[in-house]
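Taking the numbering used here, the leading residue of the sequence shown gets 1175, the next gets one more, and so forth.
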Amino acid sequence: MLAFVTGLTAEASLLRDMGVRVVVGGGTPEGALHAAQSLVQDKRVSAVISFGLAGGLDPGLAAGDLLVPGRILDGHGAIFPCDDELAEMFGGVTVGAMIGGGQVAVTPEAKMTLYASTGASAIDLESAAVAGVALANGLKFAVLRAVADPAGRHLPPAALLALGADGRIAVGRVMQSVLRQPAQIPHLLSLAREAAAARRTLQRALQGYRSRVSATGT
1175 MLAFVTGLTA EASLLRDMGV RVVVGGGTPE GALHAAQSLV QDKRVSAVIS
1225 FGLAGGLDPG LAAGDLLVPG RILDGHGAIF PCDDELAEMF GGVTVGAMIG
1275 GGQVAVTPEA KMTLYASTGA SAIDLESAAV AGVALANGLK FAVLRAVADP
1325 AGRHLPPAAL LALGADGRIA VGRVMQSVLR QPAQIPHLLS LAREAAAARR
1375 TLQRALQGYR SRVSATGT
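Written out as structure tokens, the structure is:
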């Protein structure tokens, strides 16, 4: 059985009716770690997928571009390989490496620095934690994500407060931030459009996966 670790409940909803195990980690490395650890107790699980949105580091990537990396970097020198056969089930590797931990890259300058120093095409906060648990327990591991904020996007303050520990949007905190800094509203609207493009990409990737499974019978 495939299992997916997501940060958001909205991401988890894309996996409805997929016949897979889904755990929401809340979008933090710690939450992803606990989510992955809960999966290894289920003997039916043979592979774990880190699933959801990511920030672009490569300036050539646009919002909605698919991210199926060949390897995950944890930001501290560790490298976690992704399973080639599993990646092929999602259409094949699209980028060489992603960073799967550390801190949110807020500004274009921070994203460019990470891209120049690591060569990673994108960043999320969860994949390294998930990879570490999966590989330590003999489970296959892969990443299926999409770019939600491209390299040129500056994340507004409200976006950094949006996610609650349960993986739901903390509407109250977002509204308070907007009231304090209403000038960020256009940036939030742009970010929402980019995130919507990323979710549509993930939906198409999942549809492709279901078609491949149906064709191969696996």
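Backbone N, C-alpha and C define an ideal beta-carbon position, used for all residues, glycine too.
- Relative to the Cα of L1309, the nearest Cα in the group R1245, A1296, F1225 and A1322 belongs to R1245.
- Nearest Cα to I1297 within the set L1313, E1259, V1242 and L1207: V1242.
- Rounded to whole angstroms, the Cβ separation of M1263 and R1386 is 6 Å, and the two are in contact under 8 Å.
- Residue environment analysis places K1285 among the buried positions, since at least 16 neighbouring C-beta atoms fall within 10 angstroms of its C-beta.
- Between the alpha carbons of G1276 and L1376 lies a gap of roughly 23 Å.
- Distance from S1301 to V1280 at the Cβ level is roughly 19 Å; contact not present, criterion being Cβ atoms closer than 8 Å.
- The DSSP assignment places complete alpha helix (DSSP H) segments of no fewer than 4 residues inside the segment 1307-1370 at 1331-1335 and 1345-1354, in order along the chain.
- The C-beta of R1354 has fewer than 16 other C-beta atoms within 10 Å across all chains shown, which makes the residue exposed.
- Taking 7 Å as the cut-off, the beta carbon of A1209 is found closer than this to the beta carbon of V1197.
- Taking G1265 as reference, the option from P1324, R1319 and A1371 with the minimal CA-CA separation is R1319.
- In its chain, beyond the 5 residues on either side, P1331, A1332 and L1335 have a beta carbon closer than 6 Å to the beta carbon of S1351.
- Contact between A1271 and G1293 holds, since their C-beta atoms are separated by about 6 Å, short of 8 Å.
- If you ignore the 5 residues before and after A1371, its C-beta comes within less than 7 Å of the C-beta of A1237 and G1238, all in its own chain and listed in chain order.
- DSSP places R1373 within a helical segment (H, G or I) once states are collapsed to three.
- G1193 and A1357 have their C-alpha atoms roughly 43 Å apart.
- Here L1313 is buried. Its C-beta has 16 or more other C-beta atoms within 10 Å.
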